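Peer 1: In terms of this note's numbering, the first sequence opens at residue 17 and continues consecutively.
All C-beta atoms in this analysis are idealised placements derived from N, C-alpha and C, irrespective of residue type, glycine included.
All figures in this text were calculated on a predicted structure; none of them were measured in a lab.
This is the structure, below, for whatever I ask next.
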Amino acid sequence: MAVEAPSKHVYDYDDEDDDGPVVFKRSNTSSSKQNQLNSEVKKASSQRSDGQSGRQASSVQAPNGQNSVARTNKSILPSKSPPTRSPILSPKSSNSSAKASPVRSPVVSSKASTSLSDQSKQALKQNKFTAVKEEKSLIKCTDETNSDDDDDDDDSKPLSARLKGISSQGNKGVSTSTPAQSQRLVPKIEVKGSAEDPDDDAPLSARFSMKSNTGTSSSKPYGSHEKKPLPSKIQQNGSIMKDKQQKCSVLSDKRPLDKGNSSDQSYAKKPKISDTPTTMKTKQVTVKAEKDDEDDHIPISQRIKKSVSSVSKTSSVKQKGTKVVSSSFKKINKSKKDMKKSKYSKSTKLSPSSGDGQKKWSTLVHNGVIFPPPYKPHGVKMLYDGQPVDLTPEQEEVATMFAVMQETDYMSKPQFKKNFWEDWSKLLGRNHVIKSLDKCDFTPIYEWHLQEKEKKKQMSSEEKKALKEEKLKQEEKYMWAIVDGVKEKVGNFRVEPPGLFRGRGEHPKMGKLKRRIRPCDITINIGKDAPIPECPIPGERWKDIKHDNTVTWLAFWNDPINPKEFKYVFLAASSSLKGQSDKEKYEKARLLKDYIKNIRAAYTKDFTAKDVTKRQIAVATYLIDKLALRAGNEKDDDEADTVGCCTLKVGNVECIPPNKLKFDFLGKDSIQYVNTVEVELPVYKAIGQFQTRKSKSDDLFDELDTSKLNAHLKELMPGLTAKVFRTYNASITLDDMLNQETKDGDVAEKVVIYQRANKEVAIICNHQRSISKSHSAQMSRLTEKITELKGVLKELKTDLDRAKKGKPPLKDADGKQKRNLTPEAIEKKMAQTNVKIEKMERDMQTKEDLKTVALGTSKINYLDPRITVAWCKRHEVPIEKIFNKSLLAKFAWAMDVDPDFRF
DNA sequence: GGCCCGACTTGGCGGTACTTAT
DNA sequence: ATAAGTACCGCCAAGTCGGGCC
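So this is what it looks like as structure tokens:
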């Protein structure tokens, strides 16, 4: 289709940011369109600026103090960066500048435009400030607003908010639990309808009450809050307890479930009642965003607490006119598609925008991929039955892959060894001396490996540097692509080297040989007019060359472990193509904010629907919304046995009277999810019903799968899918917590607030990490130090008492005479020591709290960076305290956000 | 409607570069 | 200067979701 809709926006890359020699300015094609998801969201121009001004020099120096964060101070950007300071860094200026449209901060402009090396520039490039303002038109949905406002606003609150006390009370029943953990979300929704609601068949719209907020933006917050007696809220929400310890320990015991084979269950999936879906569809349409325009723009959380938060400035946000929003979803492509499908009338609107069809780029130039070096045989002989064995280089290569893993726990996994043996023995051939893995002794090879490692470690820094440069030189040409005239970084241009497949969890294929990929395995995708990359391995050639501009990959090959899957080479996260889609993702999540209340009301009502499918959809949606569960696609038998919402087994959920549910299952990456939550009675009852007459290994939601679920969601909001809830709940929680909890204080304190919010989100999303090996050692070392300091304190106290009486201090442990200090000096010392102790204790607590929580994942994938950037601007926190270099690059598109931006 | 293919996002981990503490 | 500790980053596995086909 038309590539661009008339309204396109252009990114203005003007200037400087080039990363490189290449020049360029690009207008970005796909971006604009206005799409309106059904609501017409319009974005006016969005733009990103990519500027490069430095984000660097942060003007603020943080007082350090805080642990980790503080240290980041270093952030001073890469040295090379120009002295400019980014707007963000200097918040003050930024504020103003940001708003003003095209103004860019002076500093920035001053930047030298070009001389940085490409790389460095690239790195820096991000923030140029173009202030673009985007405006979004209000979402308008037609809605018939109902006045019933019954459902409290709580609905719109972030989960965290709903949980009641955010941080604190945890149930610490568990040894380690951190407060936050304890409070996992509890959903609260009031169930209004009785179970049998006659209304079932009525159009949703009619059924839900949409809150009418007509016009009352302000009132909402207040009122809503009030509606429920606090205590009740608490109860509802607060109940979740997550067994943290379990989590940790857990890893070990992975899934208890008996794995029933899904096969048996297949029968379970009965054809569903056809009418149901249909009906729903139609009905759904009506669920529209709750509109109250004005209010809607205000972040819910804000509305709620407006009065409360000190941050009040936010209130200004209200300015509807200024809404910052950004660009619309450019994703038009997708949306368009969606729209087509959807029966909404609205969809029609979209279509026009679809202008750019699927096209992702117009010109694409790159150099292909780089291959790992060929195998260099080391000649070290392994032993078989005690005797050295000769191996061909190919056999030795694979033997070495195995030998290297001697000390890992894969060695204790029979499946791993079995798979390895199957593949390796094939290489050895039938007549090889080596007949069994049991008699193999790989120690000599392992030792050789350790030596090599040691050698490498011992290299001087010059040598290391030289090596690094050499590598860089070789790779340089592969690192960049030129997309529509703009130089962009390529993500994974290195072809994966051969190795033994390491799956996560109990993967049936672990240990299999992942063979070497050669050029003839690789398909290249490149612009029609671009030169075809030269094949780096002499005498070989690419498998195929494509010129498909509807996709973003530069190359792909079939996964050697699972030939029906592919490995792609994409642009890096910092590329504008990725940035654009990232932004669209967050815009979609923000759109959900306008619909969430009705969606919640809808599923709440359906908890008691007569139709089983409908009830299952309702309950599943509830779990996805409240617990941030993943959709849960079906998996093959040759994959690890993990589940998501739709694939939960009966045995994964335990009903604990009167109304608690205990979840225990292995999710993505075989990470255990254990959580006990209090739910509304209808949910509790529904789950019980879904479990009856089934075995533990049967599907809990036997009528459901992700496509049905998503098809349903799509009717509630264009483009809505299960994963949008995760993004939405993560971001709204961050936005809410930041705005609620940020108090005056120094940068370090604010950073702590941020981390706390970040941690909350990580817990919601169940982002775990394994406890570091040195964790306990570190803790005991800290304890020891604290004890020592306390001893010092005690001694000082003695000295102080003596000093006050004019006596000299006692001798120290070594029997030496200490210096004679004045009481004031001693007191000062004591105070310092106390501060030190307190800090250490805090550090210890933080360390303990975070030992199983991974903060990075949510930052990278779930938290709208504009929330963070805007908060940093508002609170004068240098963005570098929160985002590292990669994130700054990845979120270049968010850097010019208005300080008043709220999710 | 189910299945499979295809494209793209999400996610934990391990190595390493960089900091901080001793 | 060295050890200890942390932050990053790359790797690549494992999800999600849409579309086309039958």
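Among residues of its own chain, excluding the 5 on either side of His-791, which ones have a beta-carbon nearer than 7 angstroms to its beta-carbon?
Peer 2: Within the same chain, His-791 has close Cβ partners Lys-867.
Peer 1: May I ask which residues mark the beginning and end of the alpha helix (DSSP H) holding Phe-517?
Peer 2: Segment: none, Phe-517 is in no alpha helix (DSSP H) and carries neither H nor E.
Peer 1: On the DSSP bridge list, what partners appear for Tyr-878?
Peer 2: DSSP, once it has assigned bridges, lists no residue as partnering Tyr-878.
Peer 1: Suppose the cutoff is 7 angstroms on Cβ atoms and the five residues either side in sequence are ignored; what does the same chain contact list for Ala-910 look like?
Peer 2: Excluding residues within five positions, the ones whose Cβ falls inside 7 angstroms are Pro-881, Arg-882, Val-885.
Peer 1: Going by the beta-carbon positions, is the gap between Ala-546 and Val-385 smaller than 8 angstroms?
Peer 2: For Ala-546 and Val-385, no; Cβs fall outside 8 angstroms.
Peer 1: Quick check on DSSP: helix, strand or coil for Ala-482?
Peer 2: Residue state, collapsed to three classes: helix.
Peer 1: Under 8 angstroms, do Glu-650 and Asp-721 count as touching if we go by C-beta distance?
Peer 2: Yes, the Cβ-Cβ distance between Glu-650 and Asp-721 is below 8 angstroms.
Peer 1: Scan the region 726-792 and note each continuous beta strand (DSSP E) run of 3 residues or more that stays entirely inside, going in chain order.
Peer 2: Those beta strand (DSSP E) runs which fall completely within the region 726-792 and span 3+ residues do not exist here.
Peer 1: For Pro-513, which residues from the same chain have a beta carbon less than 7 angstroms from its beta carbon, with the 5 sequence-adjacent residues on both sides left out?
Peer 2: Cβ within range, chain order: Pro-388.
Peer 1: Compare the C-alpha of Glu-603 against each of Phe-741, Glu-491, Thr-620 and name the closest.
Peer 2: Residue Phe-741 is the option with its Cα nearest to Glu-603.
Peer 1: Apart from the five residues just before and just after Thr-708, which ones in its own chain have a Cβ nearer than 8 angstroms to its Cβ?
Peer 2: Same-chain partners within the cutoff: there are none.
Peer 1: Considering only the beta carbon of each residue, do Asp-714 and Val-635 sit closer than 8 angstroms?
Peer 2: Result no, Cβ atoms of Asp-714 and Val-635 do not sit closer than 8 angstroms.
Peer 1: Sorted by chain position, which residues of the same chain lie with C-beta nearer than 6 angstroms to Phe-899's C-beta, five sequence neighbours on each side aside?
Peer 2: Answer for Phe-899: no residue qualifies.
Peer 1: State the DSSP-derived secondary structure class of Ser-225, mapped to helix, strand or coil.
Peer 2: Confidence at Ser-225 is low in this model, with a pLDDT of 31, below 50, so the placement of that residue should be treated as unreliable; the coordinate-derived value is given next. Three-state DSSP puts Ser-225 in coil, outside helix and strand.
Peer 1: Taking only three categories from DSSP, how would you classify Leu-380?
Peer 2: In the structure shown, Leu-380 sits in a strand (DSSP, three-state: E or B).
Peer 1: Give the single residue among Lys-601, Gly-445, Glu-857 whose Cα lies nearest to the Cα of Ile-876.
Peer 2: Among Lys-601, Gly-445, Glu-857, the Cα nearest to that of Ile-876 is on Lys-601.
Peer 1: DSSP three-state call for Pro-673: helix, strand or coil?
Peer 2: Pro-673: coil per DSSP, three-state reduction.
Peer 1: Starting from the C-beta of Ile-461, find all residues in its chain whose C-beta is less than 7 angstroms away, skip the five residues before and the five after it, and write them out in chain order.
Peer 2: Counting only Cβ-Cβ distances below 7 angstroms, and skipping sequence neighbours, we find Val-396, Met-398, Ala-415, Thr-416, Ala-419.
Peer 1: Residue range of the alpha helix (DSSP H) that Thr-862 falls in?
Peer 2: From DSSP, the alpha helix (DSSP H) with Thr-862 extends over 839-866.
Peer 1: What whole-angstrom Cβ distance do Glu-719 and Val-628 have, given they're in contact under 8 angstroms?
Peer 2: Glu-719 to Val-628, Cβ: 6 angstroms. Contact.
Peer 1: Excluding the 5 residues preceding and the 5 following Cys-536 in the sequence, name in chain order all residues of the same chain whose CB lies nearer than 8 angstroms to its CB.
Peer 2: Here the set comprises Glu-556, Arg-557, Trp-558, Lys-559.
Peer 1: Got a sec? Which residues, its chain only, sit under 8 angstroms from Ser-902 by beta carbon, not counting five neighbours each side?
Peer 2: Here the set comprises Ala-589, Ser-590.
Peer 1: Compute the distance between the beta-carbons of Ile-533 and Trp-569, then report whether it is under 8 angstroms.
Peer 2: Result no, Cβ atoms of Ile-533 and Trp-569 do not sit closer than 8 angstroms.
Peer 1: Kindly identify the DSSP beta-bridge partner or partners of Phe-919.
Peer 2: Phe-919 is not bridged to any residue.
Peer 1: Is Met-526 buried or exposed, if buried means 16 or more other CB atoms sit within 10 Å of its CB?
Peer 2: It is buried - the Cβ of Met-526 has at least 16 other Cβ atoms within 10 Å.
Peer 1: What separation, rounded to the nearest whole angstrom, lies between the Cα atoms of Ala-625 and Leu-607?
Peer 2: Whole-angstrom Cα-Cα distance: 27 angstroms.
Peer 1: Are Leu-664 and Cys-671 closer than 8 angstroms when you measure CB to CB?
Peer 2: For Leu-664 and Cys-671, no; Cβs fall outside 8 angstroms.
Peer 1: Could you check whether Ile-538 and Ala-924 sit closer than 8 angstroms to each other, using their CB atoms as the reference points?
Peer 2: Nothing about residue 924 can be read from this structure; the chain reaches only from 17 to 919.
Peer 1: Kindly provide the ranges of any beta strand (DSSP E) runs that are 3 or more residues long and lie completely inside the region 622-703, ordered along the chain.
Peer 2: Fully enclosed beta strand (DSSP E) runs of 3 or longer: 669-672, 676-682, 688-694.
Peer 1: Measure the CB-CB distance between Ile-577 and Phe-517 and report whether it falls below 8 angstroms.
Peer 2: Yes. Within cutoff.
Peer 1: At which residues does the alpha helix (DSSP H) containing Val-414 begin and terminate?
Peer 2: 409-419 is the extent of the alpha helix (DSSP H) around Val-414.
Peer 1: For Leu-643 and Ile-612, what's the separation of their Cα atoms in angstroms?
Peer 2: Cα to Cα, Leu-643 sits roughly 15 angstroms from Ile-612.
Peer 1: Using the rule of at least 16 other Cβ atoms within 10 Å of the residue's Cβ for burial, across every protein chain shown, is Gly-660 buried or exposed?
Peer 2: Buried, since its Cβ has 16 or more Cβ neighbours within 10 Å.
Peer 1: Report back the beta-carbon spacing between Ala-769 and Leu-750 to the nearest angstrom; my notes put them in contact at under 8 angstroms.
Peer 2: The sequence given here places Ile at residue 769; Ala does not occur at that position. About 11 angstroms; that fails the 8 angstroms criterion.
Peer 1: So, for Gln-833: in the same chain, excluding its five sequence neighbours on each side, which residues have a beta-carbon less than 6 angstroms away from its beta-carbon?
Peer 2: Cβ neighbours of Gln-833 beyond the five flanking positions: Lys-827.
Peer 1: Return the CA-CA distance between Leu-444 and Ile-450, expressed in angstroms with no decimal places.
Peer 2: Answer to the nearest angstrom: the Cα atoms are 8 angstroms apart.
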